[in-house]
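Here the structure comes first, spelled out in structure tokens, and everything after it is commentary.
Numbering (our numbering), first residue to last: 3 to 387.
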């Protein structure tokens with residue numbers, strides 16, 4: 003659980019494998035530890051402590067992190083989700099031991115990738131070592147982005163590190179990569195043979211890692227820019243986003259064909275770039291950087307009542323009845339109720355009254371795994387039998 007980061011970290015592999023210029027451009031930009039990252043750190047500490055306690059291992063590191071972050075980020079929901087992670091790992095461990103009695107479960111294991119990636123290391127959440135199969139399990143506490151294990155470069159690098167560390171002890175022929183993302187019910191698995199993994203490592207991973215470590219190669223914008231620390235002022239990304247319309251050969255309007263081919267596939271990236279530029283320039287302006295033609299102003303403010311009880315008392319003494327100035331009691335939202343009651347118990351008690359209407363339509367790439375939108379489905383929403 004060290005705070006150290008390698009220049010070519012496995013978690014950023016999707017980015018530096020595609021844009022080999024990125025690591026050196028990001029190197030001088032400090033990491034910003036967000037509330038989401040702190041929450042994830044706490045959840046990982048709980049998950050690791052639960053597994054280490056089962057194995058009878060020391061939990062001093064996890065105890066220290068929990069003591070630091072618990073008051074700010076701990077919830078009953080976190081207890082449930084880390085229990086889910088623990089149950090999945092132990093179930094897989096039991097299955098491995100049924101075939102290989104001396105199978106091992108390793109928690110928070112440091113792995114070395116320097117044979118393929120210069121100066122690279124990382125810590126795997128859980129690793130199960132058995133004859134024939136090594137399984138690397140990664141606990142994702144975030145819920146904003148669904149993470150898929152299929153050909154996931156971070157997971158493949160971890161699997162490679164685990165194989166290199168334990169291949170002399172076990173007859174490993176396969177590696178399995180598993181992502182546990184319980185807040186959105188995502189359990190994703192991907193399996194490949196050891197020869198396939200080593201072939202990828204030698205032909206793809208190693209040459210691109212060396213290029214990225216040297217800072218060579220052009221800036222290549224793509225979906226991998228989303229979490230790049232310099233996306234807001236990356237010339238390659240800015241050029242791509244601003245040149246899309248300019249490259250349209252037809253005068254006047256952009257054709258549907260051009261829109262589908264060039265703009266729609268990059269729309270989420272363009273939005274991310276715009277948001278990044280706004281955030282970056284605001285932070286720079288607050289630090290004293292001057293942008294010609296722009297100035298800092300106070301944004302729109304919404305009036306709030308600082309003491310509701312005092313206002314209620316004043317209005318009541320001036321002849322206003324409670325029903326005039328107070329809203330009737332309202333049921334809390336589902337998320338709040340799940341936190342109060344407990345997710346499992348709430349769903350068991352109220353399942354008959356929970357509905358999930360079809361979401362609003364969105365135009366996305368055909369590779370998106372969601373089913374095609376059915377406009378007719380909404381026609382029956384108001385029909386009762």
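Ideal Cβ placement from N, Cα and C applies to all residues, glycine included. It should be emphasised that the depicted structure is a prediction, and the values quoted were computed from it without experimental measurement.
Just to check my reading of the structure: residue i and residue j have Cβ atoms closer than 8 angstroms, yes? What is that Cβ distance to the nearest angstrom?
i           : j           : result
residue 87  : residue 147 : Residue 87 to residue 147, Cβ: 18 angstroms. No contact.
residue 98  : residue 130 : 5 angstroms
residue 8   : residue 121 : 6 angstroms
residue 44  : residue 75  : 5 angstroms
residue 264 : residue 246 : 6 angstroms
Hey, residue i and residue j: beta-carbon distance below 8 angstroms or not?
i           : j           : result
residue 196 : residue 174 : yes
residue 233 : residue 275 : yes
residue 199 : residue 162 : yes
residue 27  : residue 18  : no
residue 119 : residue 211 : yes
residue 1   : residue 137 : Residue 1 lies beyond the range of the chain shown here (3 to 387); nothing can be said about it.
residue 41  : residue 165 : no
residue 317 : residue 327 : yes
residue 59  : residue 113 : no
residue 223 : residue 261 : no
residue 367 : residue 267 : yes
residue 64  : residue 73  : no
residue 158 : residue 226 : no
residue 185 : residue 237 : no
residue 78  : residue 341 : yes
residue 92  : residue 56  : yes
Per DSSP, residue i is paired with what?
i           : result
residue 61  : Residue 61 pairs with nothing; no bridge assigned.
residue 124 : 113
residue 130 : 107 and 137
residue 189 : 182
residue 174 : 134
residue 36  : Residue 36 is not bridged to any residue.
residue 194 : 177
Given that a residue counts as buried once 16 or more other Cβ atoms are within 10 Å of its Cβ, and exposed if not, what is residue i?
i           : result
residue 124 : buried
residue 156 : buried
residue 239 : buried
residue 160 : buried
residue 25  : buried
residue 52  : buried
residue 214 : buried
residue 5   : The predicted position of residue 5 is uncertain, since its pLDDT is 45 and thus under 50; no value can be drawn from it.
residue 207 : buried
residue 154 : buried
residue 111 : buried
residue 216 : exposed
residue 254 : exposed
residue 3   : Confidence at residue 3 is low in this model, with a pLDDT of 44, below 50, so the placement of that residue should be treated as unreliable; the coordinate-derived value is given next. Classification of residue 3: exposed, given that the 10 Å Cβ count is below 16.
residue 313 : exposed
residue 278 : buried
At the level of alpha carbons, what is the spacing between residue i and residue j?
i           : j           : result
residue 355 : residue 348 : 11 angstroms
residue 193 : residue 150 : 12 angstroms
residue 325 : residue 333 : 17 angstroms
residue 132 : residue 83  : 26 angstroms
residue 305 : residue 69  : 37 angstroms
residue 374 : residue 331 : 39 angstroms
residue 127 : residue 191 : 15 angstroms
residue 220 : residue 23  : 6 angstroms
residue 218 : residue 21  : 10 angstroms
residue 54  : residue 298 : 51 angstroms
residue 244 : residue 294 : 20 angstroms
residue 47  : residue 80  : 11 angstroms
residue 344 : residue 302 : 37 angstroms
residue 31  : residue 336 : 39 angstroms
residue 281 : residue 103 : 54 angstroms
residue 372 : residue 361 : 11 angstroms
residue 37  : residue 257 : 43 angstroms
residue 376 : residue 209 : 46 angstroms
residue 85  : residue 115 : 30 angstroms
residue 15  : residue 315 : 60 angstroms
residue 291 : residue 170 : 57 angstroms
residue 13  : residue 35  : 15 angstroms
residue 152 : residue 283 : 36 angstroms
residue 350 : residue 359 : 20 angstroms
residue 352 : residue 187 : 19 angstroms
residue 357 : residue 339 : 15 angstroms
residue 172 : residue 105 : 9 angstroms
residue 61  : residue 101 : 29 angstroms
residue 33  : residue 177 : 32 angstroms
residue 67  : residue 296 : 43 angstroms
residue 322 : residue 309 : 17 angstroms
residue 273 : residue 370 : 18 angstroms
Return no unless some Cβ of chain E is closer than 8 angstroms to the Cβ of residue i.
i           : result
residue 127 : Looking at the structure shown, chain E is missing, and only one protein chain is on hand.
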